[in-house]
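Encoded as structure tokens, the structure appears first; notes follow it.
Residue numbers (the numbering used here): 14 to 156.
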């Protein structure tokens with residue numbers, strides 16, 4: 014009977030924790046939260062009543078931590094860092110000769126691309142490679 018009550022209490026804590034997890038904006042915060050919740054589920058699956066009690070005590074504390082983290086997130090800073098959860102950021106520098114792009118891959122790696130032209134007349138900002146269409150190099154081979 015006591016185990017059933019502890020299990021029900023744990024399920025309630027997990028529902029609240031999962032909903033709070035969704036409010037976390039920083040990917041690393043979500044990842045840590047998800048891992049902690051998995052570990053708690055694993056611990057709670059043990060039949061020992063003391064383990065279940067201690068898991069529930071920890072869950073109460075964890076809910077306070079997740080809630081505090083959610084409330085005190087520096088959202089403006091995260092928007093700058095993560096560009097509102099976009100996976101790609103591209104930028105033209107003011108001289109219109111330099112281009113930078115950063116793309117996040119599914120495994121968390123970043124691909125960084127930089128390109129520079131000798132002059133802004135290359136037309137990169139107008140759709141790229143404009144100069145190649147306008148003037149052909151006589152030494153270049155035809156494809």
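All residues carry an ideal CB built from backbone N, CA and C; glycine is no exception.
All values derive from a computational prediction rather than experimental measurement.
Take the Cβ of residue i as the centre, count every other Cβ of all protein chains shown within 10 Å, and call the residue buried at 16 or more, exposed below.
{"i": "residue 127", "result": "exposed"}
{"i": "residue 26", "result": "buried"}
{"i": "residue 14", "result": "exposed"}
{"i": "residue 125", "result": "exposed"}
{"i": "residue 57", "result": "buried"}
{"i": "residue 18", "result": "exposed"}
{"i": "residue 155", "result": "Legend: pLDDT at residue 155 = 49, less than 50; position of this residue unreliable, no value from coordinates given."}
{"i": "residue 85", "result": "exposed"}
{"i": "residue 153", "result": "Confidence at residue 153 is low in this model, with a pLDDT of 49, below 50, so its placement is unreliable and the value that follows should be read with caution. So residue 153 ends up on the exposed side."}
{"i": "residue 69", "result": "buried"}
What whole-angstrom Cβ distance do residue i and residue j have, given they're in contact under 8 Å?
{"i": "residue 91", "j": "residue 43", "result": "Contact flag wrong, Cβ pair sits at about 12 Å."}
{"i": "residue 29", "j": "residue 75", "result": "Not a contact, Cβ separation roughly 10 Å."}
{"i": "residue 122", "j": "residue 101", "result": "The Cβ separation is near 13 Å, so there is no contact."}
{"i": "residue 36", "j": "residue 111", "result": "In fact, because the Cβ distance is near 38 Å, the residues do not count as touching under 8 Å."}
{"i": "residue 45", "j": "residue 72", "result": "With a Cβ gap of about 15 Å, residue 45 and residue 72 do not count as contacting."}
Per DSSP, which residues does residue i bridge with? Please list them.
{"i": "residue 111", "result": "129"}
{"i": "residue 117", "result": "123"}
{"i": "residue 33", "result": "Paired residues: none, contrary to the question."}
{"i": "residue 106", "result": "Paired residue(s): none; residue 106 is not in a bridge."}
message: Please give the ranges of any alpha helix (DSSP H) in the region 42-102, keeping only runs that are unbroken, at least 4 residues long and fully inside the region.
response: Complete alpha helix (DSSP H) runs here, min 4: 62-84 and 88-95.
- request: Decide yes or no for the touch test of the region 22-30 against the region 62-70: beta carbon pairs closer than 8 Å, at least 3 of them.
  value: They touch, by the three-pair rule.
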